[in-house]
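To convert, note that position 63 of the sequence shown is 67 in the numbering used here; the numbers rise steadily by one, no gaps.
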Amino acid sequence: MIPLILFLLSIGLQLAAAIYALLLVRTTGRKLAWILISTAMVLMTWRRIVSFISILTTGKHVSLDIPEVIALIISILMLLGVLLIRDYFRSINLADARRKKAEEALRKAHDELEQTVKERTSELSVANEHLRQRHLEVSALYKVSSVISKSIRMDKLLGEVLNAISKLEVFTVDKGMIFVVEGNRMRLAAHLGHSGEFLDLHKDMMVGDCLCGIVAKTGEILISANAEKDSRHKIMFPDSTPHGHFVVPFKTKDRVEGVLDLHMPVDAEIDEEKVKLMAAIGNQMGIAIENARLYEETKELSLHDPLTGLWNHNEIRRILQQELARAEREGGCVSVIMADIDHFKSINDTYGHLAGDAVLRMSAKRMLSTVRSYDAMGRYGGEEFMVVLPACDRQYIAAAAERLRISINSSSMDTSEGMIPVAISLGVAASGKERRCDADAIVRAADSALYRAKNNGRNRVEFAFDDEIT
Numbered sequence: 005m006i007p008l009i010l011f012l013l014s015i016g017l018q019l020a021a022a023i024y025a026l027l028l029v030r031t032t033g034r035k036l037a038w039i040l041i042s043t044a045m046v047l048m049t050w051r052r053i054v055s056f057i058s059i060l061t062t063g064k065h066v067s068l069d070i071p072e073v074i075a076l077i078i079s080i081l082m083l084l085g086v087l088l089i090r091d092y093f094r095s096i097n098l099a100d101a102r103r104k105k106a107e108e109a110l111r112k113a114h115d116e117l118e119q120t121v122k123e124r125t126s127e128l129s130v131a132n133e134h135l136r137q138r139h140l141e142v143s144a145l146y147k148v149s150s151v152i153s154k155s156i157r158m159d160k161l162l163g164e165v166l167n168a169i170s171k172l173e174v175f176t177v178d179k180g181m182i183f184v185v186e187g188n189r190m191r192l193a194a195h196l197g198h199s200g201e202f203l204d205l206h207k208d209m210m211v212g213d214c215l216c217g218i219v220a221k222t223g224e225i226l227i228s229a230n231a232e233k234d235s236r237h238k239i240m241f242p243d244s245t246p247h248g249h250f251v252v253p254f255k256t257k258d259r260v261e262g263v264l265d266l267h268m269p270v271d272a273e274i275d276e277e278k279v280k281l282m283a284a285i286g287n288q289m290g291i292a293i294e295n296a297r298l299y300e301e302t303k304e305l306s307l308h309d310p311l312t313g314l315w316n317h318n319e320i321r322r323i324l325q326q327e328l329a330r331a332e333r334e335g336g337c338v339s340v341i342m343a344d345i346d347h348f349k350s351i352n353d354t355y356g357h358l359a360g361d362a363v364l365r366m367s368a369k370r371m372l373s374t375v376r377s378y379d380a381m382g383r384y385g386g387e388e389f390m391v392v393l394p395a396c397d398r399q400y401i402a403a404a405a406e407r408l409r410i411s412i413n414s415s416s417m418d419t420s421e422g423m424i425p426v427a428i429s430l431g432v433a434a435s436g437k438e439r440r441c442d443a444d445a446i447v448r449a450a451d452s453a454l455y456r457a458k459n460n461g462r463n464r465v466e467f468a469f470d471d472e473i474t
């Protein structure tokens, strides 16, 4: 009885191990291994079942290779083996799951790091581009400032500034103009790349005209992406290619001194930084133009007599020396007329110094109207005037001196103190091809002739003798 029980128990254990192994095929994921194990167990179990069927049908015990106790032990060990193998595979699966989870976490971290690197690289690229633009803008401002600092003469300054702006890397510019605002008018002072016909249309502009005139009036930067489609663009040039405008005022605190007009490609990108850059340049140029005006005014004051507007003593002497040097180089001649208002002290004493000043101003104006455009006339001192006449013969100089005398003596001068009769005496001296002299010599000779005119009755013209010009 006991052998039979042991026999049945071993069959049950082997069958349980085989079935459990088959179930583990689905749960552990190690399909091939469990299929092989369960197949081996099924074969062993099938042999035991065959033996059991034989007992039932024949009543005889089929001979066994090993005793039933050992078979039972083997069956128990098989079941335990299945359980151990299950735990082993589970540990492997758990390790695989942890590895996969770690790999997934690592992959996710790698992807996040890669995305972060891309974002930082993009941000760095944007920052570098911004820094590059800022560098270009600062460099542009420095270049224009350097040009401004090198010149004080307005027309030279404006031409050099326009040329410098056209070469800046922040813009694509091949054409431009600069206007100087003078009252209600706009004077074309510098240009780049435009044809003569185009410039002729812009030489006589008024504040408020077209895009540049609007900027001169408002003092605000104006951007026109496409001039052909801009209703504010009034001055059209037939052969002009499509373009835009970037118009910048040159202004100080109180007024617009000038206007810069840059021709840009259609729909050119002009961002806020470029607008700020040109606004800064515009402010610098406004101050520069104001300083240039002051310089020119100061220079004019230093060269001209403030009362009459004629050249002053030093400048008329410089002009005389310049003309004498030219005459010596070219083999020409120079004539000098010294003129002095007769009885001027009596005019001051009788009518007052204000009337005397009026007489000086009107005398200068009348005499200046009689000389040639390339003759030079200055106030030599007090009521005395000097006229320098290059390239003229004795006949012309005699006629010129007589015209000067008649211009003063022909009619009285209308002053606040009434009509004042005025006369003038003149002395003339001339250098020649055979008679070279310096400025002092020719002035002394003209003065001597003037004194003779005074001594001979005034209101007359006298010529210097040849021996006086030495």
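In this text, a Cβ means the ideal position worked out from N, Cα and C, and glycines have one as well.
- T312 sits in coil when the DSSP states are folded into three classes, being neither helix nor strand.
- The three-state secondary structure of L281, taken from DSSP, is helix.
- Restricting attention to alpha helix (DSSP H) runs no shorter than 4 residues, the stretch 182–220 encloses them at 200–204, ordered along the chain.
- In the DSSP assignment, M381 falls within the unbroken beta strand (DSSP E) covering 380–385.
- Contact between V432 and A450 holds, with the beta-carbon distance rounding to 6 Å and staying under 8 Å.
- Nearest in C-alpha terms to H247, of all of F254, I351, H317, D234, is D234.
- When H206, N188, R189, V185 are compared, the shortest CA-CA separation from H195 is found for H206.
- The residue from F250, D361, V375 with its alpha-carbon nearest to that of I225 is F250.
- With respect to the C-alpha of A380, the residue from H308, V260, S416, A445 having the closest C-alpha is H308.
- Y384 and C396 have their C-alpha atoms some 22 Å from each other.
- Every beta strand (DSSP E) of 3 residues or more that sits fully in the stretch 223–298 is shown, in chain order, as 226–228, 248–255, 260–268.
- Counting only runs of at least 4 residues, the stretch 366–439 fully encloses the following alpha helix (DSSP H) elements, listed from N- to C-terminal order: 398–413.
- With fewer than 16 other Cβ atoms from the protein chains shown falling within 10 Å of its own Cβ, I96 counts as exposed.
- Between R157 and A292, the gap from beta carbon to beta carbon reaches 8 Å or more.
- Shown here, F348 sits in a helix according to DSSP, grouped into three states.
- For the pair C214 and I239, the CB atoms are nearer than the 8 Å cut-off.
- When I341, V279, P269 are compared, the shortest CA-CA separation from A229 is found for P269.
- Residue environment for V142: exposed (fewer than 16 other C-beta atoms within 10 angstroms of its C-beta).
- In the DSSP assignment, E319 falls within the alpha helix (DSSP H) that extends over 317–334.
- In the three-state scheme derived from DSSP, where H, G and I count as helix and E and B as strand, I341 is classed as strand.
- The beta carbons of L454 and S429 sit about 6 Å from each other, so the pair counts as a contact at 8 Å.
- Apart from sequence neighbours up to five positions away, the residues of its chain that approach V338 with a beta-carbon distance below 6 Å are E327, L328, A331, P394, S435, ordered along the chain.
- Annotation: the continuous beta strand (DSSP E) that includes V465 extends over 465–467.
- I320 and V392 do touch by the CB rule: their CB atoms are close to 7 Å apart, below 8 Å.
- For a cut-off of 8 Å, the C-beta gap from L311 to D361 is around 6 Å, short enough to register as a contact.
- In this structure, I412 is the residue among I412, L98, M417 with its C-alpha nearest to the C-alpha of A427.
- By the neighbour-count criterion, in which 16 or more other beta carbons inside 10 Å mark a residue as buried, V121 falls on the exposed side.
- About 6 Å separates the beta carbons of V165 and V148, which is inside the 8 Å limit, making them a contact pair.
- A direct Cα-to-Cα measurement between N316 and L372 gives close to 14 Å.
- Taking C-beta separations shorter than 6 Å and ignoring five residues to either side along the sequence, the partners of E388 in its chain run D344, following chain order.
- The residues G290, I291, E294, in chain order, have a CB closer than 7 Å to that of T256 in the same chain once the five nearest residues on each side in sequence are set aside.
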